[in-house]
Amino acid sequence: MLAANIAMIVVVITNGVSLVTLQPLIDQVFIAEGPTARVVVPTVNLVFSMKKTTLFLGLVLFFLTSRALYCLGLYCQRFLMMVTGERVLTGLRTDLYDHLLRLPPLFFTARRSGALVSNLTADLGVVQHLASTVTGDLLRRPVEIGFLIGLLVAYNPSLSLFALLVAPVIVGIVNILTKTIRRRAGRMQSSMADLADHLQETVGGIRIIQSFTAEKAAAGRFHSVARRYYEQSVKAYRMMAAATPSTELVTAAAVAGILFYGGQNVIAGRMTTGSFFAFMAILMATYQPVKTLVNALSESSRAAAALERIYRILDERPAVTSPTNGRKASFQKSIVFEKVSFAYPDNPCEPVLQDISLTVQRGRTIAIVGPSGAGKTTLLSLIPRFFDPTSGRITIDNVDLREWDLVSLRRQIGIVTQETFLFNASVEENIALGRPNAAPEEIRRAAEAAHILDVIEAMPEGFRTVVGERGARLSGGEKQRLAIARALLVDPPILLLDEATSSLDSESERKVQAAIDTLIRGRTTLVIAHRLSTVRNADTIFVLQNGRIVESGSHADLLQSGNLYARLYNLQFKE
Ligand SMILES: Nc1ncnc2c1ncn2[C@@H]1O[C@H](COP(=O)(O)OP(=O)(O)OP(=O)(O)O)[C@@H](O)[C@H]1O
Ligand SMILES: [Mg+2]
Numbered sequence: 024m025l026a027a028n029i030a031m032i033v034v035v036i037t038n039g040v041s042l043v044t045l046q047p048l049i050d051q052v053f054i055a056e057g058p059t060a061r062v063v064v065p066t067v068n069l070v071f072s073m074k075k076t077t078l079f080l081g082l083v084l085f086f087l088t089s090r091a092l093y094c095l096g097l098y099c100q101r102f103l104m105m106v107t108g109e110r111v112l113t114g115l116r117t118d119l120y121d122h123l124l125r126l127p128p129l130f131f132t133a134r135r136s137g138a139l140v141s142n143l144t145a146d147l148g149v150v151q152h153l154a155s156t157v158t159g160d161l162l163r164r165p166v167e168i169g170f171l172i173g174l175l176v177a178y179n180p181s182l183s184l185f186a187l188l189v190a191p192v193i194v195g196i197v198n199i200l201t202k203t204i205r206r207r208a209g210r211m212q213s214s215m216a217d218l219a220d221h222l223q224e225t226v227g228g229i230r231i232i233q234s235f236t237a238e239k240a241a242a243g244r245f246h247s248v249a250r251r252y253y254e255q256s257v258k259a260y261r262m263m264a265a266a267t268p269s270t271e272l273v274t275a276a277a278v279a280g281i282l283f284y285g286g287q288n289v290i291a292g293r294m295t296t297g298s299f300f301a302f303m304a305i306l307m308a309t310y311q312p313v314k315t316l317v318n319a320l321s322e323s324s325r326a327a328a329a330l331e332r333i334y335r336i337l338d339e340r341p342a343v344t345s346p347t348n349g350r351k352a353s354f355q356k357s358i359v360f361e362k363v364s365f366a367y368p369d370n371p372c373e374p375v376l377q378d379i380s381l382t383v384q385r386g387r388t389i390a391i392v393g394p395s396g397a398g399k400t401t402l403l404s405l406i407p408r409f410f411d412p413t414s415g416r417i418t419i420d421n422v423d424l425r426e427w428d429l430v431s432l433r434r435q436i437g438i439v440t441q442e443t444f445l446f447n448a449s450v451e452e453n454i455a456l457g458r459p460n461a462a463p464e465e466i467r468r469a470a471e472a473a474h475i476l477d478v479i480e481a482m483p484e485g486f487r488t489v490v491g492e493r494g495a496r497l498s499g500g501e502k503q504r505l506a507i508a509r510a511l512l513v514d515p516p517i518l519l520l521d522e523a524t525s526s527l528d529s530e531s532e533r534k535v536q537a538a539i540d541t542l543i544r545g546r547t548t549l550v551i552a553h554r555l556s557t558v559r560n561a562d563t564i565f566v567l568q569n570g571r572i573v574e575s576g577s578h579a580d581l582l583q584s585g586n587l588y589a590r591l592y593n594l595q596f597k598e
């Protein structure tokens, strides 16, 4: 930062000083008669007497040196500012990512991912611009303008006053324009976010779109979003394009006025030709930093808005936090739901779970069944504390989940969900998600136990094969088994299993079933069952309807009582 400031001072001084050479150059070398010349540098009040040719060469050399110094200083200042900006940004970017990782799943469901990504990218871009260039301008330009105005006044106070009167007019115009530009650019950015959203959706849902031959509808929606973006951008560009010409016009009028007034001074002999041209050159040189400063001021307010949005995300507290000095021991006895109710925050009056009480002893398997939308997935997601109950409590070994250290709690739990999410990484990395340092041999054993080893070995690069975003290269059953291998590798005492509803062919089904059997063995399992064999093997079945447990017992008992379970069984499980 110190180096950048030194570079800045060099830039400011050399820039002004190099223009001062114009005056002696014109007055003494080009115009004055006789073999010697007197050089008056007004700001320093020095008088030289020299041979004309020496003076000429000296002035040219002085101009060149000061200009070269100016360029060097400018280079150093810019480079240092950019690097500083990038450093600030890298910090902010990683902080933001780390923070996003800790936000509750609901934060993301409430937002469109395309918009989140594109807004964050745009905001970070604005801040980056601020940090790398705008800050430099905000620091350098006022000093530069002050120095140049000093020079102007030294040359001709009355002409300076005249020139400076134009400044407020330009500032006013720029101010009005930038306000409009900012508003329109904001609309443009939100249209861009819509576009990004749409594109992301299409990439994710291309098979669905094609299979429903919905290309036309998708294209139609995209075209209208694209057209809206185009219209917004035309509006914004209309203002952006007007910014420079309108200030140029005012400046041109001012320059004409100065030419007129100053020219008369020269004719009347109150000012030398050289002074006049040097004055004009310095005035022109002042105009640029004034423009940049006004611009930088308006950009910094834009950046302030962007920073505010970024900090709003950084201030977003994780809904679920780990207690300080939380319990770290491992699961021993039982998981108990005590009169648990839950409503999603976006719909607090509509409880999804009501008055749930159930107990799972260590080593047992309980199955949860019920119609779609009954709250089964929600019930399981309370255990790793993706959300906390609205009332009641859940305990593990008689300790409220909220008193457990969050990391150690989640380490106890393995989750296999309805949909397997695979990262765009190798098979190996995907299996080792929960234990990145697992030995290759362990990963292999997990794959074998999950009945997926033969599939992996048949892949072109075995465990190193990249499975592609969303696991596009794996079948549904293979993906499920890979998810099971993932859970097996972590070897958690508690297992939450949300069986996939999509039906597989019998061969694939058999393999998934075998993998699940291996996974369940020796663990405490809560399973949302869609398979007959899973419900049959469960120690207790809980039937969930509209967020309440309406029945519980063994498969045989429940069948016999002939209630909801019996009906579901006939519809869903009977093979
Ligand atoms: N993120 C959410 N925000 C608000 N409401 C939600 C959210 N997720 C689920 N719900 C609502 O909660 C209710 C229960 O959903 P849940 O996913 O638990 O059902 P489920 O029993 O798992 O159904 P399925 O068998 O179809 O998977 C539904 O009415 C659903 O609309
Ligand atoms: Mg579900």
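Residues in the sequence shown are numbered from 24 upward in steps of one, following my numbering. Built from N, CA and C at the ideal position, the CB exists for glycine as well. In this text the structure is predicted, and so the values were computed from the model without any measurement.
Check, Outcome
"As assigned by DSSP and simplified to three states, the class of residue 343", "coil"
"The stretch 36 to 53 touching the stretch 92 to 107, judged by at least three CB pairs closer than 8 Å", "yes"
"Alpha carbon of residue 313 to alpha carbon of residue 75, nearest angstrom", "36 Å"
"Exposure of residue 181, with buried meaning 16 or more beta-carbon neighbours within 10 Å", "exposed"
"Reference residue 522; option with closest CA among 530, 507 and 511", "507"
"Residue 569 Cβ short of 7 Å to ligand 1 heavy atom set", "no"
"Distance between residue 459 and residue 111 (C-alpha atoms, nearest Å)", "30 Å"
"Unbroken beta strand (DSSP E) run spanning residue 490, endpoints", "Counting along the chain, residue 490 falls outside any beta strand (DSSP E), and DSSP gives it neither H nor E."
"Given residue 529 as reference, the closest of 544, 554 and 549 once Cα atoms are compared", "554"
"Other residues of its chain near residue 193: CB distance less than 8 Å, five sequence neighbours each side excluded", "270, 273, 274, 313, 314 and 317"
"Cβ neighbours of residue 433 in the same chain (closer than 7 Å, five flanking residues each side left out)", "407"
"6 Å CB neighbourhood of residue 122 in its chain, flanking five on each side removed", "337"
"Spatially closest choice to residue 47 from 168, 86 and 469, by CA coordinates", "86"
"Buried versus exposed, by CB contacts within 10 Å (16 or more), residue 590", "exposed"
"Where residue 475 falls: helix, strand or coil (DSSP)", "coil"
"Backbone secondary structure at residue 134 - three-state DSSP", "coil"
"Straight-line Cα distance separating residue 102 from residue 66", "Model confidence at residue 66 stands at a pLDDT of 48, short of 50, so the residue's coordinates are unreliable and nothing is read from them."
"Contiguous alpha helix (DSSP H) assignments of at least 4 residues, all confined to the stretch 192 to 247", "229 to 234"
"Given 8 Å, three or more beta-carbon pairs between the stretch 113 to 120 and the stretch 299 to 306", "no"
"beta-carbon residue 223 near ligand 2 non-hydrogen atom, thresh 7 Å", "no"
"Anticipated Cβ contact below 8 Å, residue 376 with residue 364, distance rounded", "6 Å"
"Residue of 552, 485 and 422 minimising C-alpha distance to residue 357", "422"
"Buried or exposed (CB count within 10 angstroms, at least 16 for buried), residue 84", "exposed"
"Stretch pair the stretch 578 to 594 + the stretch 413 to 421: three plus CB contacts closer than 8 Å", "no"
"Continuous alpha helix (DSSP H) stretch holding residue 595: start and end", "Looking at the DSSP string, residue 595 is not in any alpha helix (DSSP H), and its letter there is neither H nor E."
"Whether residue 319 touches residue 424 by CB criterion (8 Å)", "no"
"Ligand 2 heavy atom lying under 7 Å from the CB of residue 595", "no"
"Residue 257 - DSSP class collapsed to helix/strand/coil", "helix"
"Backbone CA spacing between residue 278 and residue 285 [nearest angstrom]", "10 Å"
"Three-way DSSP call (helix, strand, coil) for residue 363 in this model", "strand"
"DSSP-derived helix/strand/coil call for residue 576", "strand"
"Cβ-heavy atom distance, residue 343 to ligand 1, below 7 Å", "no"
"Within-8 Å CB hit, residue 252 to chain D", "Although the question refers to chain D, the structure presented lacks it and comprises just one protein chain."
"Cβ neighbour criterion (16 or more within 10 Å) applied to residue 247", "exposed"
"8 Å contact criterion, which residue 149 and residue 329 should meet: CB distance rounded", "4 Å"
"Terminal residues of the alpha helix (DSSP H) in which residue 402 lies", "399 to 404"
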